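Participant: Those protein sequences? They're chains X, A, W, L and P, same order as listed. Residue numbers for the first sequence follow the working numbering, so the first one is 142 and each next one is one higher. Residue numbers for the second sequence follow the working numbering, so the first one is 137 and each next one is one higher. Residue numbers for the third sequence follow the working numbering, so the first one is 137 and each next one is one higher. Residue numbers for the fourth sequence follow the working numbering, so the first one is 9 and each next one is one higher. Residue numbers for the fifth sequence follow the working numbering, so the first one is 9 and each next one is one higher.
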Amino acid sequence: PPPAMKTVRVAYLPTSDYAPLHIANEEGFFAEQGISVEFVKVQSSAAALPLVLNGDIGVYAGPMKIGLVNAITKGEHVRIVADKGRVARGPCTAYALMVRKDLSDSGAVRNVSDLKGRKVAERDSDYDLYHALALGNLSADDVDTIDMAFPMVIPAFANGAIDAGLVTEPYLTEAVNNGTAVVLAPAEDFIPDYPFILFYGPAILDKDPELGRRFMVAYLKGVRQYNEGKTERNLRIISNYTGLDRDLLNRTCWFPIREDGYVPRGPVRDYMDWMYDHKKITLNLDDDQLFDMSFAEYANGVLNNTERTPGKQ
Amino acid sequence: MVQGTDRARYTVLPLLSLTGILVLWEICGRMGFLNPLFFPVPSRIIASGISMLLDGEMQENLSVTLFRVFAGFLLGTIPGILLGLFMGASERTRLLLDPVVAALYPIPKLAIFPLLMIIFGIGETSRIAAVAIGCFFLVLINSMAGVRNISRVYFEVAENYGASQWQLLTRIILPASLPLIFTGIRLALGTSLIVVVGVEFVSANYGIGAMIWNSWETFEIEKLYVGIFLCALLGLLFTVVLKKAEERITPWFGHQVFPDQE
Amino acid sequence: MVQGTDRARYTVLPLLSLTGILVLWEICGRMGFLNPLFFPVPSRIIASGISMLLDGEMQENLSVTLFRVFAGFLLGTIPGILLGLFMGASERTRLLLDPVVAALYPIPKLAIFPLLMIIFGIGETSRIAAVAIGCFFLVLINSMAGVRNISRVYFEVAENYGASQWQLLTRIILPASLPLIFTGIRLALGTSLIVVVGVEFVSANYGIGAMIWNSWETFEIEKLYVGIFLCALLGLLFTVVLKKAEERITPWFGHQVFPDQE
Amino acid sequence: MKLECRNICKLYGEGTTASRALDTISFETGEGEFLSVIGPSGCGKSTLLKIIAGLLPPTEGTVTYTGDNPGTPLNSMVFQEHGVFPWMNVIDNVAFGLEMRHVPRKERYAQSMEFLKKVGLASYATRNPHELSVGMRQRIAIARAFVNNPAILLMDEPFGSLDAQTRLILQDELLNIWSEHRKTVIFVTHDIDEAILLGDRVMVMSGSPGKIQEIIDIDFQRPRDLRIESTREFIDIRIRIWNILRAEVGRSIGGDNHGAGN
Amino acid sequence: MKLECRNICKLYGEGTTASRALDTISFETGEGEFLSVIGPSGCGKSTLLKIIAGLLPPTEGTVTYTGDNPGTPLNSMVFQEHGVFPWMNVIDNVAFGLEMRHVPRKERYAQSMEFLKKVGLASYATRNPHELSVGMRQRIAIARAFVNNPAILLMDEPFGSLDAQTRLILQDELLNIWSEHRKTVIFVTHDIDEAILLGDRVMVMSGSPGKIQEIIDIDFQRPRDLRIESTREFIDIRIRIWNILRAEVGRSIGGDNHGAGN
Ligand SMILES: Nc1ncnc2c1ncn2[C@@H]1O[C@H](COP(=O)(O)OP(=O)(O)OP(=O)(O)O)[C@@H](O)[C@H]1O
Ligand SMILES: Nc1ncnc2c1ncn2[C@@H]1O[C@H](COP(=O)(O)OP(=O)(O)OP(=O)(O)O)[C@@H](O)[C@H]1O
Ligand SMILES: [Mg+2]
Ligand SMILES: [Mg+2]
């Protein structure tokens with residue numbers, strides 16, 4: 142008998158890497174599991190974190206952030222439960238250090254070291270910037286960094302207000318499209334395998350782990366359909382919830398996501414160590430405090446029994 | 137001054153400036169002085185607005201935002217007026233609360249919006265609370281100034297004729313500070329729009345603010361301007377309605393002061 | 137009323153409410169009524185503030201924000217007062233510009249901040265412009281109300297004694313509307329803090345807004361409260377300074393109106 | 009109703025900048041007495057009336073009311089600055105005291121209309137005060153005090169801005185009402201003839217600080233009318249008062265060549 | 009300086025709700041004439057003065073000034089509502105007209121001080137008006153008009169709120185100045201004795217709408233003083249004026265039992 146419907150609140154940003162959640166919703170995968178999902182739009186993962194800790198939001202996703210580690214350090218029950226995309230070498234680039242087109246055309250900026258003394262936009266991405274600049278043997282002190290929300294990067298390029306910046310999709314494709322900037326260094330070159338992650342908060346971990354298991358089943362089913370690529374159906378779903386133009390979506394680069402939910406420990410560990418070394422956090426967490434893969438394992442079991450294909454990646 | 141001329145000027149002058157600006161903008165845009173990527177001409181914005189109107193997108197966002205604005209406005213303005221009147225009238229209360237008001241007013245609503253969400257939960261309540269807080273202080277400070285601007289003799293008359301505190305409030309303090317309360321309301325209505333948009337920016341699926349933010353995110357710059365125009369239009373509408381109300385309710389306020397105007 | 141008591145109440149009452157709130161907060165926190173994750177007790181916030189003071193982080197952010205606030209405030213307030221006075225005095229100008237003001241005021245500064253960046257370039261100019269715009273309208277609307285609140289007989293006297301337009305402005309309109317201009321300034325200073333923090337949220341490395349944003353990002357909730365407290369403190373400071381200035385400059389304003397207060 | 013003032017002193021301001029407005033004023037009124045008060049401008053007449061009305065606390069001294077009070081208000085004051093409310097129409101202004109005592113609308117309008125007729129403003133009942141002349145507004149204030157039917161009437165130069173004939177009519181009317189009800193009246197005026205014509209006694213004050221110079225009994229039989237002004241006694245009293253006042257003026261202006269012949 | 013008013017009409021309001029305040033007023037003053045104006049409250053005296061001063065445009069008719077003007081202002085008015093500025097101290101208020109004409113500070117203070125002495129306010133020169141009594145404020149307004157040394161003085165019940173002796177002194181002072189400089193004076197008063205004592209002619213007005221009833225020549229020799237009040241002629245004129253006014257009042261109040269004996 143189907144279990145009674147339960148509501149899970151999920152925080153999201155309107156970018157394509159949140160697609161598996163929306164696909165799972167649109168295709169009724171959550172409903173199959175007796176879950177109704179309420180999507181809560183947030184402007185950044187930072188804005189979502191308090192609500193996760195508060196128990197208002199059960200699930201959220203995004204890059205590893207200092208705030209999360211700090212919360213866990215304070216004893217909060219939040220765990221990494223699955224993969225949600227990675228910076229990976231592939232046919233396209235979804236995240237990169239970009240430079241203004243005229244600087245690139247004129248040859249003023251050919252490689253990262255030419256950025257010395259220039260204005261570089263970033264948004265709470267000191268780890269990424271650190272490694273990007275390291276490609277040109279620069280440090281953050283060698284450039285003029287400007288903290289800037291992503292959508293504002295494009296007008297800033299157009300206006301000549303910034304010279305370079307860390308840009309993610311779909312802004313990357315749009316900037317290339319309207320001829321304001323070009324890729325200087327793809328993220329694969331400086332933070333390979335850098336993970337974006339799905340988290341559960343106390344609302345699931347403490348209150349209803351069973352709900353978490355069912356949620357994971359639906360999520361991973363969504364991931365599988367996402368990995369079918371830019372099908373008409375997927376394009377339509379993503380276009381619907383991001384509001385992005387279908388053709389633009391077709392041109393943007395989609396992060397690869399693992400179908401078994403497995404999160405590679407190495408890059409996470411690298412990031413932790415970097416944060417610890419740079420005194421951004423006071424405690425280096427061990428794996429038990431960070432990961433809880435039991436949900437993914439359960440889901441893999443369910444999915445591999447009912448469907449043939451194991452995770453491809 | 138002939139009456140006809142008078143009426144003409146009261147309707148013509150206000151329209152003149154607004155249409156003037158739009159026409160100038162259109163011309164500059166067409167002559168290539170403005171980067172069309174960021175400054176599309178009004179005609180294109182209007183076209184985009186009409187299509188949003190036809191497919192119902194505009195009405196949906198507008199109604200959501202208007203609900204938040206009015207709910208927040210009412211919830212903030214009414215206590216704001218009452219407390220403002222009270223603080224204006226009672227020095228003791230003023231001394232006690234003025235520092236609190238002064239300290240709370242400049243706290244950015246956007247910065248504490250996440251805290252509001254924790255207190256009021258996700259959803260409408262926290263958004264409406266942010267709007268209400270924004271309105272509250274503006275109306276409070278203006279009402280307070282309104283009371284302190286009342287000629288002392290009115291209070292003496294009221295006291296001498298045995299007005300109770302309640303009668304003092306409703307028959308003297310409230311009507312006498314109405315002109316400035318209106319100024320506060322005018323500011324508050326404008327601000328409630330600003331706050332609601334800011335809040336919809338960071339957390340909402342619908343509403344003009346969400347629409348504007350989505351336009352930034354999805355590079356639909358005309359939609360962004362439609363959103364901004366809607367804000368402007370609403371502001372204008374509010375002002376016109378308030379002005380009519382003001383003329384009706386406080387006819388003794390706002391003399392014409394330059395000789396050319398009698 | 138004995139003088140000593142009077143002086144005491146002018147300093148004691150304002151302090152009472154503020155410390156009262158802090159003490160209550162501390163007690164509620166210690167007794168576990170508040171979630172320490174989101175509502176840390178004042179003593180911990182103060183401790184965090186002191187450590188930020190010692191390592192210079194606070195001064196740095198504060199000075200950056202203060203610079204933006206004052207620059208924007210001055211750039212917005214002075215034209216706002218002048219135009220407000222002028223619109224208050226001249227009906228023709230008011231009819232012409234009132235709709236424009238009404239339309240522009242409720243446009244959210246945050247929504248057009250990217251446009252400001254395009255117009256003014258990135259960096260300080262666009263941030264200061266956003267603050268200036270925020271102040272401008274508040275002061276304008278209040279100054280306008282100030283002029284319209286002036287008793288007509290003053291204008292008649294001035295005209296009869298041959299005041300030039302300039303003398304009318306400086307000797308009548310300006311001083312007579314000072315009380316309400318002060319109200320506008322008070323609102324504007326508060327708002328300039330709000331706007332600057334909002335702008336620093338979306339684009340800045342330093343400043344109180346950036347600090348608050350970073351605290352959210354890194355979930356250092358005490359730092360966030362330090363930021364909010366700094367806003368509150370600045371607001372308080374501004375108000376106290378303004379009030380002193382007001383008492384000195386407009387001693388005829390603000391009678392005590394309740395009988396218990398003479 | 010009787011009234012007793014004992015050693016009333018009033019200081020304005022504090023500390024070294026305090027100035028003494030009234031100095032040990034002691035007097036009492038008989039039951040139903042009509043007391044005229046006359047004295048140079050600034051001698052503290054208004055201050056004294058406000059202290060009697062309980063609107064200002066005396067710095068020293070006491071005010072005592074004795075006698076039984078048949079449900080009507082203790083005192084009603086006509087203020088020198090009339091204090092007609094611009095936000096109420098004429099009849100609501102007049103009915104203000106009755107409204108404060110919850111007299112039903114119909115009844116208070118009927119009573120007010122009666123007094124509006126007496127001051128010649130019946131046809132202006134629903135007009136707004138800002139459409140009336142200054143003198144008409146003062147008449148509203150007078151009607152408002154009369155209709156309130158107080159035990160003691162306090163009148164601060166009530167006829168000061170009335171035209172000659174309305175003044176005479178109202179003097180007459182005042183005497184009529186007074187002889188009907190024998191209320192205690194304290195009547196401040198700057199018109200010596202008026203003071204004598206109306207008063208049972210005339211209290212002559214001097215200024216800086218305000219003191220009682222003399223209280224003169226006026227023994228004309230009632231009812232009185234203007235004819236008594238040509239009697240020997242009247243002229244004697246007039247000269248007597250005038251001499252007190254003139255000495256006073258001589259002191260305050262410095263005794264230069266400003267004697268006005270008599 | 010001579011003044012001619014021709015067929016002056018004044019309507020307040022518009023269309024059907026317009027009310028006629030003045031009806032075809034025509035008169036002229038001789039060179040250096042002292043014209044007293046008397047009439048019931050609300051008959052349009054203030055309106056007429058404001059039209060003469062150029063502060064209100066007449067609905068119909070013309071005001072013409074002829075004669076040469078030796079550099080001093082054309083006219084200065086003492087307003088019925090005094091219009092003393094609360095934001096200037098006493099001497100700055102008095103010096104206002106001079107300041108408007110750019111008289112150097114030292115000189116204008118010297119001249120103002122002279123007139124402050126004349127109205128007995130020398131020791132209040134640096135005080136703020138809100139610390140003075142109503143009568144003292146009216147004296148400031150009078151001093152302000154005098155020190156301005158205009159070609160024509162327009163005085164709207166200037167002595168209305170003065171005490172008896174200051175009033176007599178200032179009447180005397182006014183006559184002195186007038187006989188020295190032979191300015192044209194239009195002097196509105198509600199005191200019949202004052203009108204006769206001061207005027208070369210007395211213009212008696214009636215109300216609703218304001219009309220000239222009669223202009224009476226006063227032939228007493230100058231210099232005059234209070235002694236003329238006891239002459240036969242004086243009393244005759246007084247009765248004559250009184251009869252005009254009384255008829256008027258009879259009409260306006262409806263002719264009931266309000267005759268005041270004489
Ligand atoms: N702004 C206005 N709007 C409409 N009516 C007005 C206005 N000002 C004056 N009136 C009307 O015009 C008439 C004349 O007023 P005005 O002030 O000139 O009288 P006045 O003779 O000076 O009276 P007083 O002796 O009481 O000062 C009055 O009936 C008054 O109601
Ligand atoms: N609020 C105040 N602060 C300081 N001094 C004041 C204040 N009010 C009145 N005074 C002073 O007190 C004295 C008496 O003022 P009050 O108004 O009682 O005089 P008055 O006899 O009514 O004068 P008038 O006949 O001109 O109305 C004056 O010298 C005045 O300067
Ligand atoms: Mg007085
Ligand atoms: Mg008048």
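Backbone N, C-alpha and C fix where the C-beta goes; we use that ideal spot for every residue, glycine too. Just so you know, these numbers come straight off a predicted model, no measurement behind them.
Which of helix, strand or coil does DSSP assign to W:G192?
Facilitator: As a first step, residue 192 of chain W must be located in the third sequence, where it is residue number 56. It is coil, neither helix nor strand.
Participant: Strictly under 8 angstroms for the Cβ-Cβ distance: is L:S34 near chain P by that measure?
Facilitator: Looking up residue 34 of chain L in the fourth sequence gives position 26. No, its Cβ sits nowhere closer than 8 angstroms to a Cβ of chain P.
Participant: How many Å lie between X:V358 and X:P397 at the Cα?
Facilitator: Within the first sequence, the letter at position 217 stands for residue 358 of chain X. Within the first sequence, the letter at position 256 stands for residue 397 of chain X. X:V358 and X:P397: Cα-Cα distance of roughly 19 angstroms.
Participant: Kindly confirm or deny that the segment 289-299 of chain W and the segment 201-217 of chain A touch, where touching means at least three C-beta pairs closer than 8 angstroms.
Facilitator: By the Cβ criterion, the segment 289-299 of chain W is not in contact with the segment 201-217 of chain A, since fewer than three pairs of Cβ atoms, one from each stretch, lie closer than 8 angstroms.
Participant: Is there a C-beta anywhere in chain A that falls below 8 angstroms from the one on W:L158?
Facilitator: One-based indexing of the third sequence puts residue 158 of chain W at position 22. Cβ-Cβ to chain A under 8 angstroms: no for W:L158.
Participant: Check each residue's C-beta against every heavy atom of ligand 1 and list, in chain order, those closer than 5 angstroms.
Facilitator: L:E139, L:L140, L:S141, L:V142, L:G143, P:Y20, P:A29, P:S49, P:G50, P:C51, P:G52, P:K53, P:S54, P:T55
Participant: Answer with yes or no whether the minimum CB distance from L:N3 to chain A is below 8 angstroms.
Facilitator: With chain L covering 9 to 270 only, the question about residue 3 of chain L has no answer from this structure.
Participant: Check whether the Cβ atoms of X:A229 and X:P327 lie closer than 8 angstroms to each other.
Facilitator: Taking the first residue of the first sequence as position 1, residue 229 of chain X is located at position 88. Taking the first residue of the first sequence as position 1, residue 327 of chain X is located at position 186. Taking 8 angstroms as the Cβ cut-off, X:A229 and X:P327 do not qualify as a contacting pair.
Participant: Between the beta-carbon of W:G298 and the beta-carbon of P:R152, is there less than 8 angstroms?
Facilitator: To locate residue 298 of chain W, count along the third sequence from 1; it is residue 162. To locate residue 152 of chain P, count along the fifth sequence from 1; it is residue 144. Not in contact: W:G298 and P:R152 (Cβ atoms no closer than 8 angstroms).
Participant: Kindly indicate if chain X contains any beta-carbon less than 8 angstroms away from that of A:S187.
Facilitator: Here the question's residue 187 of chain A lines up with position 51 in the second sequence. Not closer than 8 angstroms to any Cβ of chain X, the Cβ of A:S187 fails to qualify, so no.
Participant: Could you please give me the residues that DSSP links to P:N83 through a beta bridge?
Facilitator: Position 75 of the fifth sequence, counted from the first residue, corresponds to residue 83 of chain P. In DSSP, P:N83 forms a bridge with P:I160.
Participant: Label P:F42 either buried or exposed according to how many other C-beta atoms from any shown protein chain fall within 10 Å of its C-beta, with 16 as the threshold for buried.
Facilitator: Counting from 1 along the fifth sequence, the entry for residue 42 of chain P is found at position 34. Buried is the call here.
Participant: If we ignore side chains and look at the alpha-carbon of each, how far apart do X:I345 and X:L339 end up?
Facilitator: Mapped onto the first sequence, residue 345 of chain X falls at position 204. Mapped onto the first sequence, residue 339 of chain X falls at position 198. Approximately 13 angstroms between the Cα atoms of the pair.
Participant: Considering only the beta carbon of each residue, do A:I321 and A:V267 sit closer than 8 angstroms?
Facilitator: Position 185 of the second sequence, counting from 1, holds the residue named residue 321 of chain A. Position 131 of the second sequence, counting from 1, holds the residue named residue 267 of chain A. No, these two residues do not count as a Cβ contact at 8 angstroms.
Participant: Helix or strand or just coil, what does DSSP make of P:K191?
Facilitator: Translated into the one-based positions of the fifth sequence, residue 191 of chain P becomes position 183. Reduced to three states, the DSSP call for P:K191 is coil.
Participant: So is P:N156 in contact with chain B if we call contact Cβ pairs under 8 angstroms?
Facilitator: Of the protein chains in the structure, X, A, W, L and P, none is chain B.
Participant: Please identify the residue among L:S27, L:F35, L:A149, L:L182 whose C-alpha is closest to the C-alpha of L:N15.
Facilitator: Here the question's residue 15 of chain L lines up with position 7 in the fourth sequence. The shortest Cα separation from L:N15 among L:S27, L:F35, L:A149, L:L182 belongs to L:F35.
Participant: Within the present structure, is the beta-carbon of L:Q88 separated from the nearest heavy atom of ligand 2 by less than 7 angstroms?
Facilitator: For this step, residue 88 of chain L is matched to residue 80 along the fourth sequence. Checking the Cβ of L:Q88 against ligand 2 gives yes.
Participant: I need the straight-line Cα distance from L:M163 to A:K245, nearest angstrom please.
Facilitator: If you number the fourth sequence from 1, residue 163 of chain L lands on position 155. If you number the second sequence from 1, residue 245 of chain A lands on position 109. Looking at the two C-alpha atoms, the distance is approximately 54 angstroms.
Participant: Below 7 angstroms on C-beta distance, what does X:P350 contact in chain A?
Facilitator: To locate residue 350 of chain X, count along the first sequence from 1; it is residue 209. Going along chain A, no residue has its Cβ under 7 angstroms from X:P350, so there is no contact; the nearest lies around 23 angstroms.
Participant: Got a sec: does ligand 2 put a non-hydrogen atom nearer than 7 angstroms to the Cβ of A:S287?
Facilitator: Stepping through the second sequence from its first residue, residue 287 of chain A is reached at position 151. False, no ligand heavy atom lies under 7 angstroms from that Cβ.
Participant: Taking 7 angstroms as the line, does the beta carbon of L:L27 fall inside it for any heavy atom of ligand 2?
Facilitator: Counting from one through the fourth sequence, the residue named residue 27 of chain L turns up at place 19. Leu is not the amino acid found at residue 27 of chain L; the sequence shown has Ser there. Checking the Cβ of L:S27 against ligand 2 gives yes.
Participant: Anyone know if the C-beta pair for P:A172 and L:I252 falls short of 8 angstroms?
Facilitator: Position 164 of the fifth sequence, counting from 1, holds the residue named residue 172 of chain P. Position 244 of the fourth sequence, counting from 1, holds the residue named residue 252 of chain L. Cβ atoms of P:A172 and L:I252: not closer than 8 angstroms.
Participant: The segment 84-104 of chain L: which residues have C-beta closer than 7 angstroms to a C-beta of chain A, in chain order?
Facilitator: Hits within the stretch, in order: S84, M85, F87, E89, G91, F93, P94, W95, F104.
Participant: Counting C-beta neighbours from all protein chains within 10 Å, is the total for L:D76 16 or more, i.e. buried, or is it exposed?
Facilitator: By one-based count along the fourth sequence, residue 76 of chain L stands at place 68. By the neighbour-count rule (16 or more Cβ atoms within 10 Å), L:D76 is not buried but exposed.
Participant: How would you write the range of the alpha helix (DSSP H) that A:T261 sits in, first residue to last?
Facilitator: Locating residue 261 of chain A in the second sequence gives position 125, where the first residue counts as 1. Counting along the chain, the alpha helix (DSSP H) containing A:T261 begins and ends at 260-284.
Participant: If we call anything under 8 angstroms between Cβ atoms a contact, is P:M213 one with P:C51?
Facilitator: Here residue 213 of chain P is taken as the residue at index 205 of the fifth sequence, counted from 1. Here residue 51 of chain P is taken as the residue at index 43 of the fifth sequence, counted from 1. Yes, these two residues count as a Cβ contact at 8 angstroms.
Participant: Where does the unbroken beta strand (DSSP E) through L:I223 begin, and where does it stop?
Facilitator: Within the fourth sequence, numbered from 1, the residue matching residue 223 of chain L stands at position 215. Here the beta strand (DSSP E) through L:I223 covers 219-225.
Participant: Among P:P112, P:K125, P:I160, which one has its Cα closest to the Cα of P:H189?
Facilitator: By 1-based counting over the fifth sequence, the position of residue 189 of chain P is 181. Of the listed residues, the one whose Cα sits closest to P:H189 is P:I160.
Participant: Closer than 7 angstroms to a non-hydrogen atom of ligand 4 - does that hold for the CB of P:D164?
Facilitator: Here residue 164 of chain P refers to the residue found at position 156 of the fifth sequence. For ligand 4, at least one heavy atom lies less than 7 angstroms from the Cβ of P:D164.
Participant: In angstroms with no decimal places, state the Cα-to-Cα distance between A:F273 and W:R384.
Facilitator: Locating residue 273 of chain A in the second sequence gives position 137, where the first residue counts as 1. Locating residue 384 of chain W in the third sequence gives position 248, where the first residue counts as 1. Their Cα atoms are separated by approximately 25 angstroms.
Participant: Just list the alpha helix (DSSP H) runs in the segment 106-149 of chain P, keeping only unbroken ones of 4 residues or longer that don't cross its boundaries, in chain order.
Facilitator: Here the runs fully enclosed are 113-126.
Participant: Which word fits P:L64, buried or exposed, when buried means at least 16 other C-beta atoms lie within 10 angstroms of its C-beta?
Facilitator: Here residue 64 of chain P corresponds to residue number 56 of the fifth sequence, with the count starting at 1. By the 10 Å Cβ count, P:L64 comes out buried.
Participant: Would the beta-carbon of P:G23 be found less than 7 angstroms away from any heavy atom of ligand 2?
Facilitator: Stepping through the fifth sequence from its first residue, residue 23 of chain P is reached at position 15. False, no ligand heavy atom lies under 7 angstroms from that Cβ.
Participant: Could you list the residues in the segment 304-324 of chain X with a C-beta less than 7 angstroms from some C-beta on chain W, going in chain order?
Facilitator: none
Participant: With respect to the alpha helix (DSSP H) encompassing W:R288, which residues constitute its N-terminal and C-terminal limits?
Facilitator: Taking the third sequence and counting its residues from 1, one reaches residue 288 of chain W at position 152. Where W:R288 is concerned, the enclosing alpha helix (DSSP H) stretches over 288-296.
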